[in-house]
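Working notes for the structure below.
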């Protein structure tokens, strides 16, 4: 399958950068995707359109409804894949207007970055910063809801940027990296109690493995209004990948997730939170992807930097009042 990504041949050395967690010290640690009538030439069976928001600009756009029974047929995998690509469900909605002239909007939507919500059990060192106990997570969510904050998903944020519309005031995104099973068993019930939704960035190669989300759990999350995002196949530093491997890590992961969940991912999270032009180009060429997030950063959200969106990492030492105050900085 022919495709030109314009990916450089020079490999960049890997690094181990870690963004400090807000509220707690921790060790030191682009071309738009196709929207409208056709998907990039890369895909043999993929989305032909991006779901159109059905709500008014003051409300969150509606996500495409999963339809795991309808399919566009199975296609052959990219070179290097060992099996036939999964059957990809057909898109359920299509844009009714061309938004290309309405993308100058600047959003101020805080994007929170979590990893694990579960009781601490033997973690030490840097891993402790990645685990937020359920009672602390619940207190953080309680405080945000009481302060009037409401959630949208990364996919909805991407639609707002694509269409040039503003979400409701005090809208924010909750995201979870890596696709751990505790996102379903511990975080999900708390989110439901608060009336919140989140984006779960999963490592496609670990779906169904011990301690990671299963296909059934991901479908439950999506049915409740949450989003499953793409976090690559193997969770390696993509900046050191060959062009061929980049395609597998981005497009390949989306095909796996789409086959398991019933909808193509609209959002991407770079492993270790870092990217470069070659990696961003590969993500942009992946069918369905509207936005991508990094670790840390301070940019506002625009269509132009939709593949380089910053996040605020939250840890177990992030006190709920401090988190509310930090999000209030985003208000006009």
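Numbering (my numbering), first residue to last: 27 to 358.
In this text, a Cβ means the ideal position worked out from N, Cα and C, and glycines have one as well.
What are the boundary residues of the alpha helix (DSSP H) that residue i is part of?
{"i": "residue 288", "result": "It is not in any alpha helix (DSSP H) - residue 288 carries neither H nor E in the DSSP assignment."}
{"i": "residue 273", "result": "269-273"}
{"i": "residue 351", "result": "346-354"}
{"i": "residue 168", "result": "160-172"}
{"i": "residue 214", "result": "214-220"}
{"i": "residue 187", "result": "180-189"}
Leaving out the 5 sequence neighbours to the left and right, which residues in its chain are closer than 8 Å to residue i when beta-carbon positions are compared?
{"i": "residue 323", "result": "334, 335, 336 and 337"}
{"i": "residue 257", "result": "203, 204, 205, 227, 228, 229, 230, 279, 294, 295 and 297"}
{"i": "residue 306", "result": "56, 318, 333 and 334"}
{"i": "residue 259", "result": "229, 230, 231, 274, 275, 278, 279 and 282"}
{"i": "residue 325", "result": "331, 334, 335 and 336"}
Looking only at its chain, what residues have a beta carbon closer than 6 Å to the beta carbon of residue i, apart from the 5 residues adjacent to it on each side?
{"i": "residue 166", "result": "346 and 349"}
{"i": "residue 213", "result": "143"}
{"i": "residue 209", "result": "202 and 226"}
{"i": "residue 292", "result": "181, 184, 314 and 316"}
{"i": "residue 156", "result": "141 and 142"}
{"i": "residue 268", "result": "none"}
Thinking C-alpha only, which one of the options is nearest residue i?
{"i": "residue 189", "options": "245, 164 and 129", "result": "129"}
{"i": "residue 176", "options": "222, 160, 325 and 229", "result": "222"}
{"i": "residue 153", "options": "356, 353 and 341", "result": "341"}
{"i": "residue 168", "options": "200, 339, 220 and 269", "result": "220"}
{"i": "residue 216", "options": "254, 159 and 241", "result": "159"}
{"i": "residue 286", "options": "246, 352 and 306", "result": "246"}
{"i": "residue 253", "options": "259, 260, 244 and 261", "result": "244"}
{"i": "residue 200", "options": "135, 328, 301 and 330", "result": "135"}
{"i": "residue 327", "options": "260, 301 and 197", "result": "197"}
{"i": "residue 248", "options": "179, 344, 352 and 161", "result": "179"}
{"i": "residue 137", "options": "301, 339 and 211", "result": "339"}
{"i": "residue 240", "options": "310, 301 and 211", "result": "211"}
{"i": "residue 312", "options": "255, 329, 195 and 262", "result": "255"}
{"i": "residue 139", "options": "194, 224, 195 and 161", "result": "224"}
Could you check if residue i is buried or exposed, using at least 16 other CB atoms within 10 Å of its CB as the buried criterion?
{"i": "residue 164", "result": "buried"}
{"i": "residue 172", "result": "exposed"}
{"i": "residue 170", "result": "buried"}
{"i": "residue 242", "result": "exposed"}
{"i": "residue 174", "result": "exposed"}
{"i": "residue 264", "result": "buried"}
{"i": "residue 357", "result": "exposed"}
{"i": "residue 270", "result": "exposed"}
{"i": "residue 351", "result": "exposed"}
{"i": "residue 344", "result": "buried"}
Would you say residue i lies against chain B (beta-carbon separation less than 8 Å)?
{"i": "residue 137", "result": "The chain inventory of the structure shown lacks chain B, comprising one protein chain alone."}
Quick check on the DSSP output: the beta strand (DSSP E) that includes residue i runs from which residue to which?
{"i": "residue 242", "result": "That residue, residue 242, is in no beta strand (DSSP E); its alpha helix (DSSP H) goes 241-249."}
{"i": "residue 310", "result": "Counting along the chain, residue 310 falls outside any beta strand (DSSP E), though it belongs to the alpha helix (DSSP H) covering 303-310."}
{"i": "residue 138", "result": "137-140"}
{"i": "residue 203", "result": "197-204"}
{"i": "residue 253", "result": "253-256"}
{"i": "residue 317", "result": "317-319"}
{"i": "residue 226", "result": "225-228"}
By Cβ distance below 7 Å, which residues in the same chain neighbour residue i in space, the five residues on each side in sequence not counted?
{"i": "residue 238", "result": "205, 206, 207 and 232"}
{"i": "residue 218", "result": "250"}
{"i": "residue 354", "result": "none"}
{"i": "residue 262", "result": "297"}
{"i": "residue 162", "result": "342"}
With a cut-off of 8 Å, do at least 3 Cβ pairs link the stretch 228-242 to the stretch 263-282? yes
Do the stretch 290-302 and the stretch 147-158 meet, that is, are 3 or more Cβ pairs less than 8 Å apart? no
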